[in-house]
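Below: the structure, in structure tokens.
4 protein chains.
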Amino acid sequence: MSVRLAHNCYGKHRVRVSKVRRPRQAPSNQERHEFVEAAVDVELEGDFDAAFTEGDNRLVVATDTCKNTVYALAKDHDLETIESFGLAVAEHFLERYTHVTLCRVSLTQTVWDRLGDSPHGFVARDRATPTAVVTLERDAEPEVIAGVAKLLIAKTTESGFTDFHRDEFRTLADTDDRILATELTATWVYRGAGAGSGGDFIGNRRAVTSALLTTFVDHYSRSVQETLYRMAEAALDACPEADEITLAMPNKHHLLAKVVPEGTPNDNEVFVVTDEPFGYITATVKR
Amino acid sequence: MSVRLAHNCYGKHRVRVSKVRRPRQAPSNQERHEFVEAAVDVELEGDFDAAFTEGDNRLVVATDTCKNTVYALAKDHDLETIESFGLAVAEHFLERYTHVTLCRVSLTQTVWDRLGDSPHGFVARDRATPTAVVTLERDAEPEVIAGVAKLLIAKTTESGFTDFHRDEFRTLADTDDRILATELTATWVYRGAGAGSGGDFIGNRRAVTSALLTTFVDHYSRSVQETLYRMAEAALDACPEADEITLAMPNKHHLLAKVVPEGTPNDNEVFVVTDEPFGYITATVKR
Amino acid sequence: MSVRLAHNCYGKHRVRVSKVRRPRQAPSNQERHEFVEAAVDVELEGDFDAAFTEGDNRLVVATDTCKNTVYALAKDHDLETIESFGLAVAEHFLERYTHVTLCRVSLTQTVWDRLGDSPHGFVARDRATPTAVVTLERDAEPEVIAGVAKLLIAKTTESGFTDFHRDEFRTLADTDDRILATELTATWVYRGAGAGSGGDFIGNRRAVTSALLTTFVDHYSRSVQETLYRMAEAALDACPEADEITLAMPNKHHLLAKVVPEGTPNDNEVFVVTDEPFGYITATVKR
Amino acid sequence: MSVRLAHNCYGKHRVRVSKVRRPRQAPSNQERHEFVEAAVDVELEGDFDAAFTEGDNRLVVATDTCKNTVYALAKDHDLETIESFGLAVAEHFLERYTHVTLCRVSLTQTVWDRLGDSPHGFVARDRATPTAVVTLERDAEPEVIAGVAKLLIAKTTESGFTDFHRDEFRTLADTDDRILATELTATWVYRGAGAGSGGDFIGNRRAVTSALLTTFVDHYSRSVQETLYRMAEAALDACPEADEITLAMPNKHHLLAKVVPEGTPNDNEVFVVTDEPFGYITATVKR
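Heads up: the sequence lines are chains A, B, C and D, in that order.
Under this note's numbering, the first residue of the first sequence is numbered 531, with each subsequent residue one higher.
Under this note's numbering, the first residue of the second sequence is numbered 531, with each subsequent residue one higher.
Under this note's numbering, the first residue of the third sequence is numbered 531, with each subsequent residue one higher.
Under this note's numbering, the first residue of the fourth sequence is numbered 531, with each subsequent residue one higher.
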């Protein structure tokens, strides 16, 4: 039988690293530390076919070596943003190994906030998680996709859903006042110069997130779809370096509860919260 | 063969409810809403043996009925705290069903913070989760156990571990400067009057949490054990209504990374983050 | 303020170990291996107060040492059952450290079945997980609690629920034909001689599990409660060495679907499967 | 600012349905039932731009309606395979709604095996999960991707990894005898006639799975890469209707334990089991 290796990729996933940035200007317990943490997935593509088809490992950079590399690079990088660290990791693999043609680094951050004004105490407060996927391909433009996951937001009014398609499979009634809740995932794409190591990833992340949240509540929502599109539009408006943005807004339903005894009114006060089934709406908006 | 029913208990778990508190003083979209959400487990004990041993269901309050009851009670309760709502649910079951001898209500809260200054926009920001377990037993003192789960905290210095037991199974070296990170679970117990519906559950929760966090960073930690005890002591000091407190502090290890090439120094800068295996330390401190 | 350490306990959790039992009678690739895997939690109680209250670590056996010990003991033990390995671990800690008064070892097993008739190929097929909790207290009877978790079972008829308590909070109708599905957790207790290292943990586990499954389907179920009790009774009957058994049977609801267009019959054919809220029924049956 | 909707898609996820196939030839409790369960994600593409950009819902088939449809179609379908049910659901949406241009249905199955020889008792034994993704695009060939997820397999010898790339980032030694364990995800693609409703999805699934498992253990593995490729090749050989197959084989590392006291030999007997970081290897093989 004739088959061929159409695509392959490998690397190390879930390389979890933390770093203490220490000013070294005082005894350890009086220094004002910074504390950062990320989980890093490294994936490589390149001249690796022989490993698959011939059992020839000579060009294989072991996944264990990929792991070592992440820790080694974290030594010399400030990890101020996962975007910039992802770039550093991807650049290393392309520069170091000429037979690697593409390196993709996916990162999630655990955000440690300062605990009070302690110089070395921290709390990881946020449920929402910054994400980044950096893809460097030899002789191509760099691509950095920044994002946020698990951003749980709700509006308790100013949301409805009416006049949607009606047939014998429909049972849902029109409503002009419902809870709209979602666990937002957003990813926005920097390309070319905007994806370079000089990008203002912190400022842009702040601008995008702020635009998303502000827009979520600034209008009457006729559907998740409409609100999603407005949010995406506002985010691109706030971040000229981003070419496109993808939002996924699973509907975390809060359904009006039937309150016993039968006949008890429930004027949009008490809701049943469900995880599944859930409406799933996603779109990509580009300039 | 002679066997007997030594213990039984049943109820409905994961009854998830949200409530919009609406002032009703303005058109819906101009009201300033409050939004609260909890997941509620109800468990009943009482004269239910016949259901198990005889298939006689006549005294069984269906778990579906338990669920209905939670929604019905949420209608008339402000859900300002999960402690007070747990009390309301437990009181209802004891008052309503004379054959119920004990009702235990376990709750976790999803904390919705206001989104900017929006009257109806909210964000569930916190990873840490308030918890409560309310147990009412007929003719006994009420007990309310308040708590917090998933409170992820770290200190990047001012922590060591030295002079512990040495034998041929030990390989860990002494250290006087390490990261101490934990995902804290704390539960504190109100009894008698302090557990009544007039308890200042909000103020006490704030006081306990603040004492725990402040103490975590205010000393050089000679072990998780020592820090745990100090935190517990401070929490009881801050909350006279609490009789006892239990802390569980799993050690979320940040292990000093071996940085390649071999011989590269790593002066407490880069760490490997691991979830397992993990040290587990717990204690209960009472007045 | 006067507080006291009322209880404490510590150890290492999630020590995950696998072992290849190798007959050493042939070249490695022709040996017929056995492959076993467990996750082990070790907890110690004893003379550890000074660590909490004084920062005195001298008696503290580090959790890292606990981890080392598990791997060392796995070297000399066949791990044929998690019960017997738990006993070996607990015995070690009590024998080795005179200031340890209690050792509790909790284990879950990943069951590796032989893959076809391969001498060294294995598949971890089962969703259900064997569990064990071994508690040795100095000068007390040994206790071994064997168990199984995540055993997902269903019967598609021969189950009903009628004549349960009726009031204005009830909305559920009587039914004499429903799906009964549960994710069973069972734990049974060996004490004294039955908990010794000579116990037939394999045979007893097989007997208990078989009795539970057989009984689940051998009768018309008037409630989860009734079926649970019958299963417990049968299990104790099948395993004379067990003193008591606790079953937890969360109701994994399969609710009759409303099929559109309205009026379409659904004669117990199509069901909506839900995870939450769920009925939770548990009981302990003793001789 | 000028932006445009580049892509959008929506639907209902996690529609969980079970079905009892009842022969209706006997009283209910004597029938020999079949019991099947699936979780279904439905996604639609088509003429939905106006919902996003204009808040015009008239063409939007509500996600609630999608859910209703799944239950309604389950009434008339035997759900014998998730592939065939996915086809039925996708065909319905394309046929029914002329403005829908693409329907993608993703399914996972909970496999209920008969419990002993009970006519109506079942146990969901398998950790491994059948999957399917059916994509129907108007005027294009149907595509059915069948798969299996969470298939946990290991070989305790006949696996090594040597002669891989060596530089100063490498610390891993060559080995010619290690444990190779993975949680396999496989997906294979039927197109055209092979993806039609007459496809032998049961027989092909059995053939692919058998080929994957047999090949996993039938050779000395020089790398995960080599074994993966051989497995893919064998699967395509066993299933002429499949055009291509993608395997993902995360390395579930079993690392040789360091056994204390120092110097204790560990001749491939005791291993530390870790979940992360983990090697990740994937490839697609086509005819």
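All residues carry an ideal CB built from backbone N, CA and C; glycine is no exception.
Could you tell me the alpha carbon to alpha carbon distance between residue i and residue j, rounded to whole angstroms?
{"i": "glycine 585 of chain B", "j": "glutamate 771 of chain C", "result": "28 Å"}
{"i": "glutamine 639 of chain C", "j": "leucine 666 of chain C", "result": "20 Å"}
{"i": "cysteine 539 of chain A", "j": "cysteine 633 of chain A", "result": "9 Å"}
{"i": "valine 572 of chain C", "j": "serine 727 of chain B", "result": "40 Å"}
{"i": "valine 619 of chain A", "j": "leucine 743 of chain D", "result": "36 Å"}
{"i": "methionine 779 of chain C", "j": "serine 751 of chain C", "result": "13 Å"}
{"i": "alanine 711 of chain D", "j": "valine 747 of chain D", "result": "11 Å"}
{"i": "phenylalanine 731 of chain A", "j": "valine 678 of chain A", "result": "13 Å"}
{"i": "tyrosine 601 of chain A", "j": "threonine 804 of chain B", "result": "14 Å"}
{"i": "serine 532 of chain B", "j": "glutamate 621 of chain C", "result": "33 Å"}
{"i": "phenylalanine 808 of chain D", "j": "glycine 724 of chain D", "result": "36 Å"}
{"i": "valine 547 of chain C", "j": "alanine 604 of chain C", "result": "8 Å"}
{"i": "histidine 783 of chain D", "j": "phenylalanine 578 of chain A", "result": "22 Å"}
{"i": "threonine 739 of chain A", "j": "arginine 696 of chain B", "result": "52 Å"}
{"i": "leucine 758 of chain C", "j": "valine 664 of chain D", "result": "41 Å"}
By the three-class DSSP mapping on this structure, what secondary structure does residue i have?
{"i": "tyrosine 750 of chain D", "result": "coil"}
{"i": "isoleucine 683 of chain A", "result": "strand"}
{"i": "valine 790 of chain A", "result": "coil"}
{"i": "phenylalanine 623 of chain B", "result": "helix"}
{"i": "threonine 631 of chain C", "result": "strand"}
{"i": "alanine 670 of chain D", "result": "coil"}
{"i": "arginine 546 of chain B", "result": "strand"}
{"i": "valine 701 of chain A", "result": "For the record, residue 701 of chain A in the displayed sequence is threonine; it is not valine. In the structure shown, threonine 701 of chain A sits in coil (DSSP, three-state: anything other than H, G, I, E or B)."}
{"i": "phenylalanine 694 of chain B", "result": "coil"}
{"i": "serine 614 of chain C", "result": "helix"}
{"i": "glutamate 760 of chain A", "result": "It should be pointed out that residue 760 of chain A corresponds to arginine in this sequence rather than to glutamate. Helix at arginine 760 of chain A."}
{"i": "arginine 588 of chain C", "result": "coil"}
{"i": "arginine 551 of chain B", "result": "strand"}
If you follow the beta strand (DSSP E) that residue i is in, where does it begin and where does it stop?
{"i": "asparagine 559 of chain A", "result": "No beta strand (DSSP E) contains asparagine 559 of chain A, which DSSP labels as neither H nor E."}
{"i": "alanine 654 of chain B", "result": "651–654"}
{"i": "valine 533 of chain B", "result": "Where valine 533 of chain B is concerned, there is no enclosing beta strand (DSSP E), given that its DSSP letter is neither H nor E."}
{"i": "valine 800 of chain C", "result": "800–803"}
For the alpha helix (DSSP H) containing residue i, name the first residue and the last one.
{"i": "glycine 646 of chain C", "result": "It is not in any alpha helix (DSSP H) - glycine 646 of chain C carries neither H nor E in the DSSP assignment."}
{"i": "aspartate 594 of chain C", "result": "593–606"}
{"i": "phenylalanine 582 of chain B", "result": "579–584"}
Kindly identify the DSSP beta-bridge partner or partners of residue i.
{"i": "asparagine 538 of chain A", "result": "D/Ala813"}
{"i": "asparagine 781 of chain C", "result": "C/Thr712"}
{"i": "leucine 637 of chain C", "result": "C/Val570 and C/Ala662"}
{"i": "valine 719 of chain B", "result": "B/Ile675 and B/Glu774"}
{"i": "glycine 576 of chain B", "result": "B/Val630"}
{"i": "phenylalanine 731 of chain B", "result": "Phenylalanine 731 of chain B pairs with nothing; no bridge assigned."}
{"i": "serine 740 of chain B", "result": "According to DSSP, which records beta bridges pairwise, serine 740 of chain B is partnered with nothing at all."}
Let me check you understand the geometry: is the CB of residue i closer than 7 Å to at least one non-hydrogen atom of the ligand COA?
{"i": "alanine 602 of chain C", "result": "Questions concerning the ligand COA fall outside what the structure shown contains, since it holds no ligand whatsoever."}
Report task. Report yes or no: do the stretch 649–663 of chain A and the stretch 651–658 of chain B share at least 3 C-beta pairs separated by less than 8 Å? Result -> yes
Requested in this report: Taking 8 Å as the threshold, find out whether the stretch 707–719 of chain D comes into contact with the stretch 773–785 of chain D through three or more Cβ pairs.
Outcome: yes
**Report entry** Cβ pair count under 8 Å reaching 3, the stretch 609–616 of chain B against the stretch 578–593 of chain B
**Finding:** no
Query raised in the report: Does the pairing of the stretch 547–566 of chain D with the stretch 685–694 of chain C give three or more beta-carbon distances under 8 Å?
Result: yes
Query raised in the report: Taking one C-beta from the stretch 784–792 of chain C and one from the stretch 752–768 of chain C each time, how about it: are there three or more such pairs within less than 8 Å?
Result: no
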